[in-house]
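Here's the structure we're looking at; comments come further down.
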Amino acid sequence: MSDYGFYLWGSYAVTFVLLFVEIIFLMKRKREAKA
Amino acid sequence: MSSSSFRLFQFAAPARFYGLAGALIPWCWAAFAVLAAIGLWMGLFVAPTDATQGDAYRIIFIHVPAAWMSMLLYLVMAFWAAIGWAFNARLASMTARAIAPTGAMFTFLALWTGALWGRPTWGTWWVWDARLTSELILLFLYAGFLSLVSAIDDPRRADRAGALLAIVGAVNIPIIHYSVVWWNTLHQGASVSVTKGASMQSQMLAAMLLMALAFWMYSIAVTLVRVRCIIREREG
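Taken in order, these protein sequences are the chains called V and W. Position one of the first sequence corresponds to residue 1 (this note's numbering), numbered consecutively onward. Position one of the second sequence corresponds to residue 1 (this note's numbering), numbered consecutively onward.
So, in structure tokens, the structure goes:
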């Protein structure tokens with residue numbers, strides 16, 4: 001996978017970072033809604 | 001109306017739906033984790049290397065499911081927005097609002113991973129062909145919906161305005177889907193067709209479908225959490 005590592009891992013990294021960030025924001029909103 | 005139908009309609013009340021959503025969320029997270037783990041394992045380690053694209057093609061296991069989710073979530077959002085508008089159903093409008101951020105995120109991911117796939121295979125990050133441009137318009141539609149509903153203070157008025165935009169924007173979904181048929185595009189045709197079946201190796205197809213199911217479970221989980229937040233924010 002070395003020839004295309006930047007493109008391949010770049011795609012997967014951005015995807016899982018965005019999913020993680022959405023979950024973090026959602027947890028924050030959930031805490032605020034309960035407060 | 002049968003008793004089972006009546007029981008189902010009871011969950012149209014936000015207060016009742018709140019409990020049901022809370023019970024479903026852990027199962028959706030668990031399904032997402034299992035499906036994503038198996039899908040990633042199959043996509044990255046089991047599916048063979050492509051003869052022409054090498055390992056760059058493995059972006060497909062993220063790109064295609066994200067693109068499918070971007071379109072599917074828009075249709076589901078427009079459907080619930082329309083139901084909320086037509087029947088003055090609060091929960092339906094809340095669901096439409098809850099879907100929009102995740103739909104926008106998957107649209108961005110489809111575009112981003114498409115650019116990262118396009119560079120090594122097409123030699124360019126972006127072209128203004130019909131598929132890419134109509135997908136970009138979809139991102140603008142999501143952004144427009146989110147901006148519109150957050151710009152109006154009265155939630156009911158905001159829901160109605162958002163519903164109008166969502167319904168009108170739904171015309172873009174068949175344009176995205178058929179863009180590769182109607183116009184001469186650099187983007188390839190459909191990898192999976194209902195009428196023609198799949199044009200890819202079985203392990204590749206299985207990995208892609210598993211990732212699509214994983215993203216579907218993720219979307220349901222996130223939407224349910226967000227609907228519960230909206231219910232609390234609006235109704236205490």
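Virtual Cβ for every residue (Gly too), placed ideally from N, Cα, C.
Extent of the continuous alpha helix (DSSP H) to which residue i belongs
| i | result |
| --- | --- |
| residue 237 (chain W) | Since the first residue shown for chain W is 1 and the last is 236, residue 237 (chain W) is missing from the structure and cannot be characterised. |
| residue 45 (chain W) | First-last for residue 45 (chain W): undefined, no H or E at that position. |
| residue 58 (chain W) | First-last for residue 58 (chain W): undefined, no H or E at that position. |
| residue 203 (chain W) | 202-235 |
| residue 180 (chain W) | 172-182 |
| residue 15 (chain V) | 5-34 |
| residue 167 (chain W) | 155-169 |
Within chain V, partners of residue i - CB distance below 7 Å
| i | result |
| --- | --- |
| residue 233 (chain W) | 33 |
| residue 185 (chain W) | Here the premise fails: no neighbours, minimum Cβ distance about 21 Å. |
| residue 62 (chain W) | 11, 12 and 15 |
| residue 112 (chain W) | 14 |
| residue 229 (chain W) | 29, 30 and 33 |
| residue 105 (chain W) | 18 and 22 |
Cross-chain neighbours of residue i in chain V, by beta carbon under 9 Å
| i | result |
| --- | --- |
| residue 58 (chain W) | 1, 4, 8, 11 and 12 |
Under 8 Å from the C-beta of residue i: neighbouring residues of chain V
| i | result |
| --- | --- |
| residue 109 (chain W) | 14, 15 and 18 |
| residue 55 (chain W) | 1, 3, 4 and 8 |
| residue 102 (chain W) | 22 |
Integer Cβ distance of residue i from residue j, believed to fall under 8 Å
| i | j | result |
| --- | --- | --- |
| residue 146 (chain W) | residue 100 (chain W) | 5 Å |
| residue 30 (chain V) | residue 225 (chain W) | 6 Å |
| residue 81 (chain W) | residue 144 (chain W) | Not confirmed; about 13 Å, so no contact. |
| residue 55 (chain W) | residue 19 (chain V) | Not really, about 22 Å apart at Cβ, beyond 8 Å. |
| residue 138 (chain W) | residue 176 (chain W) | 6 Å |
| residue 179 (chain W) | residue 134 (chain W) | 5 Å |
| residue 48 (chain W) | residue 201 (chain W) | 7 Å |
Exercise. Can you list, in chain order, the stretches of the alpha helix (DSSP H) that have 4 or more residues and sit fully within the region 89-143 of chain W?
Worked result: 90-122
Exercise. What residues in the region 200-226 of chain W have a beta carbon less than 8 Å from any beta carbon of chain V?
Worked result: 218, 222, 225 and 226
Exercise. Using a beta-carbon distance cut-off of less than 8 Å, what residues from the region 113-135 of chain W approach chain V?
Worked result: 113, 116, 117, 119 and 120
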